[in-house]
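Per the working numbering: the sequence shown = residues 320 to 644.
Structure first, commentary second.
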Amino acid sequence: MSFKNIMGQDRQVGILVNALTGNTLAHAYLFTGIPGIGKTTAAFALAKTLHCKDKRDDCCDACISCKKIAHGTHPDLVVIEPEGDSIKIDQIRKMQEQVSYTSYEGHHKIVLIDKAERMTIQSANCLLKTLEEPPPHTVLILLTSVPYQLPSTVRSRCQKVMFQPLPEALIEEALQKKCGSEEGEKVQLIASLAGGSLGRALRWMENGLLQERKELLETLSRLHTCSPTALIKCAELLGEDKALVREKLDVITSWLRDLLLLKATPQTTHIINNDFTRESCAAASRLSWFNLFEQAQVINEVQTAVQGNVNVRLAMETMLFKLSR
Ligand SMILES: [Zn+2]
């Protein structure tokens, strides 16, 4: 994947290409924006273009350098991601040692720190040394969807590139190209549910998530009538696959967002789950503002908790019991 494959981020890509062609690259970048909109692709495209034998304004994606970077085997590329829950100080120290040597194959060393907000305080402080006195020919790229969780001392030493959520029409177009026109209705629904993230939309296309979403929304709409046994069973299903828990929590958030909107206005134009309008209207009129805000808080707490090391099934159970009240 190269810069030309990144959709809907022309200004952001422009900033990077101009820096590459004008030799004005910053020592450190902070790529921000929701997951699945091209941050990682842009970081790899930048790394590839710096080493590419062919071009200066985009990588060829075919030469040996480009291939090594794509596979993460280029000796001048250091990729750091959380080990377990966090990015540890030893990972930062190891990287500092790696960038202190002269480049093997090209002119630049590139350090990519994914989910940079997961750096411990010690890791972030250790990284500060590199940000304050960057080794020559080294470019650091920090990726995060929650920049405010990074210490301001780190944020202020990086040039920010803010990636934007993609327009629904662009996501629809990309999905259609990938899946063909026979899945038109499914494509349209997923594009509207993706919240601007192509990565998320693609996950929805590939997994059985659409069916699970339907079942989840059906459960949410009759949660107040569910027996404790049914709630426990539902929590079990919700917590079954930890990798998909966030997607499912996003569905619950979108359901609640619809209820809040319907509580404020009878108009249904901006409803996300527009195939569940009847059920959302009924729930919105049944629940008070107080109930709804309480539910929002419960979901918010669970969303934060599942990022850490909690028992997901237990967290789901507690959440469903609270939501059913
Ligand atoms: Zn190349």
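Even for Gly, the Cβ is constructed at its ideal location relative to N, Cα and C.
Computed from a predicted model, the values in this text were never measured in an experiment.
Cβ neighbours of A601 within its own chain (closer than 8 Å, five residues either side excluded): S540. Judged by DSSP secondary structure, I383 falls within the alpha helix (DSSP H) whose first and last residues are I383 to A389. For F482, the three-state secondary structure derived from DSSP is coil. When secondary structure is reduced to three states using DSSP, E620 falls in the helix class. Here the alpha carbon of T449 sits roughly 16 Å from the alpha carbon of L344.
Linking E613 to R644 through their CA atoms gives a straight-line distance of about 10 Å. Contact check for A520 against E487 fails: the beta carbons are separated by 7 Å or more.
Counted as a single uninterrupted DSSP element, the stretch harbouring I325 is not any alpha helix (DSSP H), since DSSP gives it neither H nor E. If you check the C-beta of C553 against ligand 1, you find no heavy atom less than 6 Å away.
The criterion of a C-beta distance shorter than 7 Å is not satisfied by L485 and I460. The C-alpha of G503 is placed about 16 Å away from the C-alpha of L517. Residue pairing of S405 in beta bridges, as defined by DSSP: E402. Annotation for C498 indicates a beta carbon at 6 Å or more from all heavy atoms of ligand 1.
If the five residues before and after L557 are omitted, its C-beta is found closer than 6 Å to the C-beta atoms of K567 and M635, all from its own chain and listed in chain order. By the CB criterion at 7 Å, L550 and L578 fall outside the cutoff. Residue environment for W574: buried (at least 16 other C-beta atoms within 10 angstroms of its C-beta). Relative to ligand 1, C545 has its C-beta separated by 6 Å or more from all heavy atoms. Taking non-hydrogen atoms of ligand 1 into account, the C-beta of C445 is found less than 6 Å away from none of them. For the pair M320 and T368, the CB atoms are not nearer than the 7 Å cut-off.
Listed in chain order, the alpha helix (DSSP H) runs fully inside the segment 542-618 are 547-558, 561-583 and 596-605, counting runs of at least 4 residues. In this structure, DSSP gives K372 a state outside helix and strand, which the three-state scheme calls coil. Here Q328 is buried. Its C-beta has 16 or more other C-beta atoms within 10 Å. Rounded to the nearest whole angstrom, the C-alpha separation of A513 and T421 is 43 Å. Distances taken from the Cβ of C382 to the heavy atoms of ligand 1 include one shorter than 6 Å. Assignment of I356 by DSSP, reduced to helix, strand and coil, places it in the coil class. When C-alpha distances from F350 are compared across D594, Q331, N337 and L447, the shortest belongs to Q331. At a Cβ-Cβ threshold of 7 Å, K323 and D376 do not count as neighbours. Taking a C-beta distance under 7 Å as the contact criterion, K358 and F482 qualify as a contact pair. Put simply, the backbone Cα of L446 is about 26 Å away from that of V336.
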